[in-house]
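What follows is the structure in structure tokens.
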């Protein structure tokens, strides 16, 4: 994929954009733009020259038409909670933030669907339908802040997608503004559609197809009841063996999450959730479904966990205890701030049976690079999230943190896994794409991208590496200048 350069964002262009959106929708002061210089992948930073905050699809269409005429690339942004540098402006002077487009447009309970604008916060969808016994299943740990548009861009997952599936399994239709300003509708309210799955091509495209402005989402019935267990282990190896034992027994929990000792200590210091500080690892296992079957299923899971080495299995006695456990898990990333000035969250996938192997390799990588790496992840589907701790004020430590992340990804691929489960490729993992995909594969991906964006101006220099680049020669970018 050819690198896209930046056309001049001159005063005439700014004036035209200001006329479209109004003064309050434009941010241009460097001190204010600094807020937008990175997402959750803080190793690489680059602020846009101009930030736009449109309120509607028609405004986005007018903006993209103006940028298209002037051949100016752009980068979409939601809440900025991504973890792979997906909204980093690389060769794109204009950033378009959809956070003002935050309306829930229609709820159709009879057909179990909801129509929302792309700036709606993930958790707000479930909150809006909870009284009627429904929820929106994809639940990233950042669901209190992340938006539906960003979830669609990254094909986000979350703890409960083990049973319910990731974002692509819950999107029926999309409205997208293409890079030339054309507004297109893909899919629709029907569950089954004829023809090519263009919705599937856009979900997970990381903003390289255009800007999603509206989505029709599936709603899921709340389960009749739940049982939430905390299984306590002496080490991570026993905890991961328990995961395989549970799944192989034919039990599909709503979620199986793991935290190791380093994360447990950070969470306890922050939230006092009652996790055992002396444990090597814990599993949070949630079963849901028909109430009459759950007690027997919980006993079976507890027996499987004990047989795998659990020293104790606790059952949450009420909704308050359940909520405390999930608060500990979903806020674990924030608690890590107590352990180091900076951290980089990795996102790889391995087959469940290889979880003990990848955790041993992660420990070896940490020792080899003299770093601390904590582990908190979606153990049920093999989606690991090693958290590499470092101090960005130490250039050598930052370099080692980057290399440790790359070694973890290489190990995932070597074990039959993948580079990402839900965080996307962004700028972080482009150099590793040839580990999985051949040059021909990458060319096909580039051609598909050109169907939506022939001139490669939507979120340029992301996801697909330039022709001829490879893992061995690609160097990390500490700072990307526009």
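In my numbering, the protein residues as written are 304 to 785.
Glycine included, each C-beta is placed from N, C-alpha and C at the ideal position.
Classify residue i as helix, strand or coil using the three-state DSSP reduction.
i: residue 355; result: strand
i: residue 755; result: helix
i: residue 609; result: helix
i: residue 568; result: helix
i: residue 511; result: coil
i: residue 766; result: coil
i: residue 646; result: strand
i: residue 523; result: strand
i: residue 313; result: coil
i: residue 624; result: helix
i: residue 715; result: helix
i: residue 501; result: helix
i: residue 696; result: coil
i: residue 660; result: helix
i: residue 410; result: strand
i: residue 578; result: coil
i: residue 638; result: helix
i: residue 458; result: coil
i: residue 615; result: strand
i: residue 424; result: strand
i: residue 746; result: helix
i: residue 329; result: strand
i: residue 440; result: coil
i: residue 761; result: strand
i: residue 789; result: Nothing in the structure corresponds to residue 789, since the chain is present only between 304 and 785.
i: residue 506; result: coil
i: residue 493; result: coil
i: residue 434; result: helix
i: residue 598; result: helix
i: residue 727; result: coil
Between residue i and the rest of its own chain, which residues show a CB-CB distance below 6 Å, the 5 nearest in sequence each way excluded?
i: residue 591; result: 526, 529 and 557
i: residue 545; result: 608 and 611
i: residue 555; result: 466
i: residue 710; result: 668
i: residue 458; result: 469, 470, 471, 506 and 507
i: residue 488; result: 478
i: residue 745; result: 767
i: residue 722; result: 712, 732 and 735
i: residue 409; result: 418
i: residue 389; result: 509, 727 and 729
i: residue 431; result: 407
i: residue 501; result: 489
i: residue 352; result: 312 and 396
i: residue 402; result: 422
In the DSSP assignment, what residue or residues form a beta bridge with residue i?
i: residue 680; result: 561
i: residue 548; result: None; residue 548 has no bridge partner.
i: residue 478; result: 488 and 517
i: residue 418; result: 409 and 519
i: residue 691; result: 647 and 676
i: residue 531; result: 589
i: residue 652; result: 686 and 721
i: residue 740; result: Looking at the DSSP assignment, residue 740 forms no beta bridge with any residue, so it has no partner.
i: residue 450; result: 424
i: residue 584; result: 536 and 563
Write down the C-beta distance between residue i and residue j rounded to the nearest angstrom, noting that I regard them as a contact closer than 8 Å.
i: residue 674; j: residue 691; result: 6 Å
i: residue 482; j: residue 756; result: 5 Å
i: residue 677; j: residue 586; result: With 8 Å as the limit, residue 677 and residue 586 do not qualify as a contact, their Cβ atoms being about 16 Å apart.
i: residue 425; j: residue 399; result: With a Cβ gap of about 20 Å, residue 425 and residue 399 do not count as contacting.
i: residue 725; j: residue 460; result: 4 Å
i: residue 704; j: residue 638; result: Residue 704 to residue 638, Cβ: 19 Å. No contact.
Which same chain residues, not among the five before or five after residue i, have their C-beta less than 8 Å away from its C-beta?
i: residue 594; result: 527 and 528
i: residue 666; result: 676
i: residue 660; result: 653 and 718
i: residue 493; result: 475
i: residue 329; result: 317, 320, 321, 353, 354, 355 and 356
i: residue 657; result: 685, 718, 719 and 720
i: residue 624; result: 531
Using a Cβ-Cβ cutoff of less than 7 Å, which residues in the same chain neighbour residue i once the five nearest sequence positions on both sides are dropped?
i: residue 486; result: 360, 364, 478 and 480
i: residue 617; result: 532 and 533
Practice item. Give, in chain order, every unbroken run of the alpha helix (DSSP H) that is at least 4 residues long and sits entirely within the segment 335-405. Key: Taken in chain order, the complete alpha helix (DSSP H) segments of 4 residues or longer contained in the segment 335-405 are 360-373.
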